[in-house]
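Novice: First, the structure itself, so that you have it in front of you.
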Amino acid sequence: MSLRFLPFFDSISISEGLVAMVTICIVYILLQKSRVKIPEGLKQLPGPHSLPIIGNLMELGWNPHLSLTAMSERFGHVFKIHIGSRPVVVLSGSETVRQALIKQGDEFAGRPDLYSFQYINDGQSLAFSTDQAGVWRHRRKLAQNALRSFATLKGQTPEYSCALEEHISKEGLYLVERLRKVTKADGCFDPFRHIVVSVANVICGMCFGRRYSHDHEELVSLVNLSDEFGQVVSSGNPADFIPFLRLLPSKTMKKFVDINNRFNKFVQKILREHYETYDKNNIRDITDSLIDHCEDRKLDENSNVQVSDEKIVGIVNDLFGAGFDTISTALSWSVMYLVAYPKIHEKLYQEMMEKIGTGRTPQLSDKTNLPYLDCFITEVFRHSSFLPFTIPHCTSKDTSLNGYFIPKDTCVFINQWQINHDPDQWKEPSMFNPDRFLSEDGVEINKTEAEKVMVFGLGKRRCIGEYIGRSEVFLFLTILIQRLKFSSLPGEMPDMTPIYGLTMKHNRCMLTVAPRPGFEEFCSESLH
Ligand code: HEM
Numbered sequence: 018m019s020l021r022f023l024p025f026f027d028s029i030s031i032s033e034g035l036v037a038m039v040t041i042c043i044v045y046i047l048l049q050k051s052r053v054k055i056p057e058g059l060k061q062l063p064g065p066h067s068l069p070i071i072g073n074l075m076e077l078g079w080n081p082h083l084s085l086t087a088m089s090e091r092f093g094h095v096f097k098i099h100i101g102s103r104p105v106v107v108l109s110g111s112e113t114v115r116q117a118l119i120k121q122g123d124e125f126a127g128r129p130d131l132y133s134f135q136y137i138n139d140g141q142s143l144a145f146s147t148d149q150a151g152v153w154r155h156r157r158k159l160a161q162n163a164l165r166s167f168a169t170l171k172g173q174t175p176e177y178s179c180a181l182e183e184h185i186s187k188e189g190l191y192l193v194e195r196l197r198k199v200t201k202a203d204g205c206f207d208p209f210r211h212i213v214v215s216v217a218n219v220i221c222g223m224c225f226g227r228r229y230s231h232d233h234e235e236l237v238s239l240v241n242l243s244d245e246f247g248q249v250v251s252s253g254n255p256a257d258f259i260p261f262l263r264l265l266p267s268k269t270m271k272k273f274v275d276i277n278n279r280f281n282k283f284v285q286k287i288l289r290e291h292y293e294t295y296d297k298n299n300i301r302d303i304t305d306s307l308i309d310h311c312e313d314r315k316l317d318e319n320s321n322v323q324v325s326d327e328k329i330v331g332i333v334n335d336l337f338g339a340g341f342d343t344i345s346t347a348l349s350w351s352v353m354y355l356v357a358y359p360k361i362h363e364k365l366y367q368e369m370m371e372k373i374g375t376g377r378t379p380q381l382s383d384k385t386n387l388p389y390l391d392c393f394i395t396e397v398f399r400h401s402s403f404l405p406f407t408i409p410h411c412t413s414k415d416t417s418l419n420g421y422f423i424p425k426d427t428c429v430f431i432n433q434w435q436i437n438h439d440p441d442q443w444k445e446p447s448m449f450n451p452d453r454f455l456s457e458d459g460v461e462i463n464k465t466e467a468e469k470v471m472v473f474g475l476g477k478r479r480c481i482g483e484y485i486g487r488s489e490v491f492l493f494l495t496i497l498i499q500r501l502k503f504s505s506l507p508g509e510m511p512d513m514t515p516i517y518g519l520t521m522k523h524n525r526c527m528l529t530v531a532p533r534p535g536f537e538e539f540c541s542e543s544l545h
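This note's numbering applies: residue 18 is where the sequence shown begins, and numbers increase by one.
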């Protein structure tokens with residue numbers, strides 16, 4: 018007998034299965050007996066019937082964003098499922114999610130204590146750990162300040178408006194050369210493999226003051242392993258909710274633990290080097306600024322929250338991790354859409370030629386001049402919804418939403434995919450159509466429509482890297498579109514099927530590029 022219907026787990030023996038099931042049955046019956054009392058005036062959460070032991074795991078299937086969207090049509094925008102015996106509230110619908118994350122922000126700002134989260138950043142993660150509200154708020158503020166300072170710092174030469182623009186621009190130009198060289202040598206390339214190193218170099222520049230070669234084995238293998246990471250920390254991973262599954266052999270879980278260990282070791286080594294060479298009068302990067310903060314004051318004066326040095330300097334681990342996977346996934350999807358929709362690719366190129374031409378490298382300030390590109394990026398975010406759920410949330414106290422009672426410490430999934438494909442909000446939601454965001458006169462993006470798209474979360478836990486994320490996706494893409502034409506290999510169609518995870522990836526594939534007129538020569542200025 019096997020438990021192969023449960024995602025992520027390999028076969029187990031009948032006796033192991035029976036012992037585990039009996040134990041879970043007893044726990045399930047005990048839990049049923051201690052059902053929560055609903056305060057007067059509030060309703061019990063609706064939701065599907067659940068099975069003992071596994072809850073609604075079977076209905077979640079391999080694509081929880083789709084199955085939970087289908088359930089929201091049956092049960093409404095607030096409903097409850099069980100994963101194992103643990104209740105999980107699922108929120109969808111723009112209004113409901115805004116009410117929870119903005120108007121009742123404090124009540125929904127916690128993180129649940131999920132099994133897989135303890136392995137991330139040694140359990141000290143800013144994004145995934147169950148830090149108390151005061152500690153989390155203090156660390157989040159520090160991280161926001163550090164990102165702001167090092168993104169807006171002056172570039173090394175006056176041609177760049179800021180350090181962020183300089184990092185992206187240099188890496189973008191290098192990526193163009195790299196893709197051309199690989200195409201010339203091999204005839205094709207795997208876009209994610211190269212994009213992820215360029216993107217990682219931008220955040221490495223800000224966090225660690227260094228970049229890595231595209232042939233640096235340790236970095237390349239580390240950043241190319243993010244698929245397994247995303248699969249385990251995605252919303253609905255069975256082992257997070259059903260304790261006995263953790264005892265079973267799982268290759269994915271083993272890989273996940275291994276990735277986290279390697280990642281932590283990689284960052285620890287850089288931290289050690291920074292401590293050894295730290296000079297108060299020469300703050301080189303975000304790591305130095307965090308060390309400096311620890312040296313200056315160990316106590317948060319505003320909230321009197323004591324935060325250890327380890328937790329402060331460990332913030333850099335979160336920034337590095339969050340800073341490459343999300344953006345490279347967005348860029349990789351963007352390139353896939355260019356290949357799948359060649360007419361849109363041409364229209365973007367024409368806009369680029371009219372507004373920028375071939376005489377200079379695009380800049381961040383070009384964004385308002387390139388409304389069609391802005392609409393394209395927004396439509397990639399909406400259509401792919403490559404972050405189908407936010408990181409899971411948790412209620413910090415007993416609360417209610419839309420008249421339903423939700424107890425303290427309830428795990429909450431926010432279905433961003435549903436919001437971005439809601440037929441009540443979007444005309445033909447499954448169509449890829451950047452024009453849906455263009456203003457009536459066609460000269461700018463319709464901001465009201467664009468703000469309906471949800472990919473960075475909302476409210477207290479909203480992504481702190483949104484400005485950097487949007488800037489990188491925009492500037493990398495302008496540089497790529499100005500200089501390269503992307504195509505699939507003859508006779509092949511791009512496979513746009515998403516693979517479920519915290520960030521959904523497309524299947525790895527091979528593409529090819531040709532230089533655009535004016536960029537036939539290899540550029541000698543780019544980095545090496
Ligand atoms: C296209 C790029 C990006 C997307 C789509 C994205 C999306 C998200 C989402 C959906 C969340 C979870 C929000 C929630 O739980 O409600 C998040 C959290 C977070 N993001 Fe991003 N992100 C991006 C880039 C970045 C970058 C570049 C950084 C840092 C350099 C970053 C740092 C973080 C951090 C630290 C959190 C945790 C915040 C907290 O728990 O308080 N992100 N992001």
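Where a beta carbon is used, it is the ideal one built from N, C-alpha and C, also for glycine. Computed from a prediction, not measured in an experiment: that's the story for all the values here.
Using C-beta distances below 8 Å, list every residue in its chain close to S320, excluding the 5 sequence neighbours before and after it, in chain order.
Specialist: Bear in mind that the predicted position of S320 carries a pLDDT of just 49, short of 50, making it unreliable; the figure below should be weighed with that in mind. Only G151, R154 and H155 meet the Cβ criterion.
Novice: For R197, write down the residues that DSSP places opposite it in a beta bridge.
Specialist: R197 pairs with nothing; no bridge assigned.
Novice: Is F539 buried or exposed, if buried means 16 or more other CB atoms sit within 10 Å of its CB?
Specialist: By the 10 Å Cβ count, F539 comes out exposed.
Novice: On the three-state DSSP scale, how would you describe H184?
Specialist: The answer is helix: DSSP assigns H184 an H, G or I state.
Novice: What are the residues that DSSP puts in a beta bridge with V105?
Specialist: Paired residues: I98 and C428.
Novice: Mind checking which residues open and close the alpha helix (DSSP H) that includes P81?
Specialist: Counting along the chain, the alpha helix (DSSP H) containing P81 begins and ends at P81 to F92.
Novice: Under a Cβ-count criterion, where at least 16 other Cβ atoms within 10 Å of its own Cβ denotes burial, should H99 be classed as buried or exposed?
Specialist: Result: buried.
Novice: Note down the Cα distance separating V237 from I516, rounded to an integer number of angstroms.
Specialist: Taking the straight line from one Cα to the other gives about 21 Å.
Novice: Taking the straight line between their C-alpha atoms, what separation do you get for L501 and V193?
Specialist: Distance between the alpha carbons of L501 and V193 is about 7 Å.
Novice: Among L519, C526 and T529, whose alpha-carbon lies nearest the alpha-carbon of V250?
Specialist: Comparing Cα positions, the closest option is L519.
Novice: Let me confirm a value: W350 is counted as buried when at least 16 other C-beta atoms fall within 10 Å, else exposed. Which label applies?
Specialist: Flag for W350 reads buried.
Novice: Helix, strand or coil for Y354? Go by DSSP, reduced to three states.
Specialist: The answer is helix: DSSP assigns Y354 an H, G or I state.
Novice: Quick one: what's G127 bridged to in DSSP?
Specialist: C411, per the DSSP bridge assignment.
Novice: Go through its chain and collect everything with a Cβ distance to R21's Cβ below 6 Å, but skip five positions before and after it.
Specialist: Because the pLDDT of R21 is 38, which lies under 50, any placement of that residue in the model is unreliable, and the number read from its coordinates should be weighed accordingly. Same-chain partners within the cutoff: there are none.
Novice: Would you check if the segment 291-310 and the segment 259-270 touch, i.e. whether three or more CB-CB distances between them fall below 8 Å?
Specialist: As far as the Cβ criterion goes, the segment 259-270 does not touch the segment 291-310, which means the pair count is below three.
Novice: Okay, do the segment 336-355 and the segment 208-225 touch, 3+ Cβ pairs below 8 Å being the bar?
Specialist: Contact between the segment 336-355 and the segment 208-225 is present, because at least three Cβ pairs lie under 8 Å.
Novice: According to DSSP, simplified to helix, strand and coil, what is A144?
Specialist: Looking at A144 - three-state DSSP - the assignment turns out to be coil, as it is neither helix nor strand.
Novice: Please classify T385: does DSSP put it in a helix, a strand, or coil?
Specialist: Helix at T385.
Novice: Under the three-state reduction of DSSP, which class applies to A531: helix, strand or coil?
Specialist: Looking at A531 - three-state DSSP - the assignment turns out to be strand.
Novice: Under 7 Å Cβ to Cβ from S489, same chain only, skipping five residues before and after it: list those, please.
Specialist: Sequence inspection shows Glu at residue 489; the Ser mentioned does not correspond to that position. Cβ neighbours of E489 beyond the five flanking positions: I185, V216, V219 and I344.
Novice: Helix, strand or coil: which one does DSSP assign to K158?
Specialist: K158: helix per DSSP, three-state reduction.
Novice: Between which two residues does the beta strand (DSSP E) carrying Y517 extend?
Specialist: From DSSP, Y517 is part of no beta strand (DSSP E); its letter is neither H nor E.
Novice: Considering only DSSP beta bridges, list what I436 is partnered with.
Specialist: Beta-bridge pairing links I436 to no other residue.
Novice: Hey, how far is the Cα of L262 from the Cα of M38?
Specialist: Cα to Cα, L262 sits roughly 11 Å from M38.
Novice: Rounded to the nearest angstrom, how far is the Cβ of L475 from that of I43, given a contact under 8 Å?
Specialist: Rounded, the Cβ-Cβ distance is 40 Å, inconsistent with contact.
Novice: Assign Q367 to one of two classes, buried (16 or more other C-beta atoms within 10 Å of its C-beta) or exposed (fewer than that).
Specialist: Label assigned to Q367: exposed.
Novice: Does any heavy atom of ligand 1 sit closer than 8 Å to the C-beta of Q141?
Specialist: For ligand 1, not one heavy atom lies less than 8 Å from the Cβ of Q141.
Novice: Starting from I423 and walking both ways along the beta strand (DSSP E), at which residues does that stretch end?
Specialist: Note, I423: beta strand (DSSP E), Y421 to I423.
Novice: Any chance the CB of A144 is under 8 Å from a heavy atom of ligand 1?
Specialist: Correct: A144 has its Cβ closer than 8 Å to ligand 1.
Novice: Taking contact to mean 3 or more Cβ pairs, one atom from each stretch, closer than 8 Å, check whether the segment 117-133 and the segment 442-460 are in contact.
Specialist: No contact exists between the segment 117-133 and the segment 442-460.
Novice: Measure the alpha-carbon distance for L68 versus H233 and round it to whole angstroms.
Specialist: Rounded to the nearest angstrom, the two C-alpha atoms are 49 Å apart.
Novice: Here's a check: name, in chain order, each residue in its chain whose Cβ is nearer than 7 Å to the Cβ of G331, leaving out the five neighbours to either side.
Specialist: Same-chain partners within the cutoff: N138 and Q141.
Novice: Go through its chain and collect everything with a Cβ distance to R210's Cβ below 7 Å, but skip five positions before and after it.
Specialist: N241, listed in sequence order.
Novice: From this set, N386, D439, K364 and S382, which residue's C-alpha is nearest H400's C-alpha?
Specialist: The candidate whose alpha carbon is nearest that of H400 is D439.
Novice: Give a single yes or no on whether C221 has its beta carbon closer than 8 Å to a heavy atom of ligand 1.
Specialist: It does not: the Cβ of C221 is nowhere closer than 8 Å to a heavy atom of ligand 1.
Novice: With respect to the alpha helix (DSSP H) encompassing L59, which residues constitute its N-terminal and C-terminal limits?
Specialist: Neither: L59 is in no alpha helix (DSSP H) and is coded neither H nor E.
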